[in-house]
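**Q** So the sequence shown is numbered by the numbering used here: it starts at 132 and just counts up by one. All residues carry an ideal CB built from backbone N, CA and C; glycine is no exception. Provided herewith is a single structure, encoded as structure tokens, for subsequent inquiry.
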Amino acid sequence: MGTDRLCPTTKQYSRSSFQFISEKLLLKKGLEDALMGYITGKKKATELAHLIWQRIVQKGDNVVDATCGNGYDTLALLKMVADESGKGRVSGMDIQSCALENTSSLLDESLNANERELVELFHLCHSRMEDVIPEGIFLRLVVFNLGYLPGGDKSDNYSARKDITSFGICM
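Given below as structure tokens:
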């Protein structure tokens, strides 16, 4: 029922499709408990996010982690999309080199060589993702965990304007 809301030309979901996803797919698949766990402080926001992502992405999908941080979301996304065919891909980016180093180390420790090849990391601001994502690639999901890298340099001057630019690119 939700696939008829995918625009065949742009390969993008309409606003009503997002409503469909939230009302039909997410809530009917048991996210109520996870949501209540988050509201009551028993679950972290990232746990809830990962549960939602699991219901959106499929094996073989292309996804983007627009703010790699320490790499935990990048790793979680790869586990969701990686398959034997090698079609599932994660593009990760961060403006802080230490974030990419942390992400790369986590991936190297956690993945086998074949899985590791499915992740490409870029040292750039997410507002420039158009520079590294090939044109014509359908992205199932682009995730942002906005804020400062835990333990990272807080002198970086983040801009809401860059965030809004990035969101526009993803639409």
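#1: Identify the continuous beta strand (DSSP E) that holds Asn193 and give its terminal residues.
#2: Hey, which unbroken runs of the beta strand (DSSP E) at 3 residues or more fall wholly within the segment 225 to 264?
#3: Please list the terminal residues of the continuous alpha helix (DSSP H) segment that includes Val212.
#4: I'd like the list of long-range same chain contacts for Arg220, defined as Cβ closer than 6 Å, with 5 residues on each side in sequence excluded.
#5: What residues match up with Ser216 in a beta bridge as DSSP calls it?
#6: Could you tell me how far apart the beta carbons of Asp196 and Gly223 are, in whole angstroms, since I believe they sit closer than 8 Å?
#7: Taking its Cβ as the centre, do 16 or more other Cβ atoms sit within 10 Å of Ala176, making it buried, or is it exposed?
#8: By Cβ distance, which residues of its chain are closer than 8 Å to Ile264, with the 5 residues on each side in sequence left out?
#9: With a CB to CB cut of under 6 Å and the five nearest residues on each side skipped, what residues in its chain are close to Ala207?
#10: Could you name the residues that DSSP lists as bridge partners for Val221?
#11: Closest to Leu237 by C-alpha separation, out of Asn245, Glu163, Gly202 and Val273, would be which residue?
#12: Near Ala213, what residues of its chain come up, given a Cβ to Cβ distance below 6 Å and the 5 sequence neighbours on each side ignored?
#13: If the criterion is Cβ atoms closer than 9 Å, does the pair Ser235 and Leu252 meet it?
**A** Let me lay it out:
#1: Residues Asn193 to Asp196.
#2: Taking only runs of at least 3 residues, the beta strand (DSSP E) segments lying wholly in the segment 225 to 264 are 250 to 254.
#3: Unbroken alpha helix (DSSP H) run through Val212: Tyr203 to Val212.
#4: Within the same chain, Cβ atoms closer than 6 Å to the Cβ of Arg220 are found at Asn193 and Leu249, the five residues on either side in sequence being excluded.
#5: The beta-bridge partner set that DSSP reports for Ser216 is empty.
#6: So it is a contact: roughly 4 Å between Cβ atoms.
#7: By the 10 Å Cβ count, Ala176 comes out exposed.
#8: The residues are Val195, Ser222 and Leu270.
#9: Around Ala207, the same chain offers His181 as residues with beta carbons nearer than 6 Å, after the five sequence neighbours per side are excluded.
#10: According to DSSP, residue pairing for Val221 in a beta bridge involves Val194 and Val250.
#11: When each option's Cα is compared against that of Leu237, the closest is Gly202.
#12: A distance below 6 Å between beta-carbons, with the five flanking residues on each side excluded, links Ala213 to the following residues of its chain, in chain order: Gly219, Glu246 and Leu249.
#13: Cβ distance < 9 Å, so Ser235 and Leu252 count as in contact.
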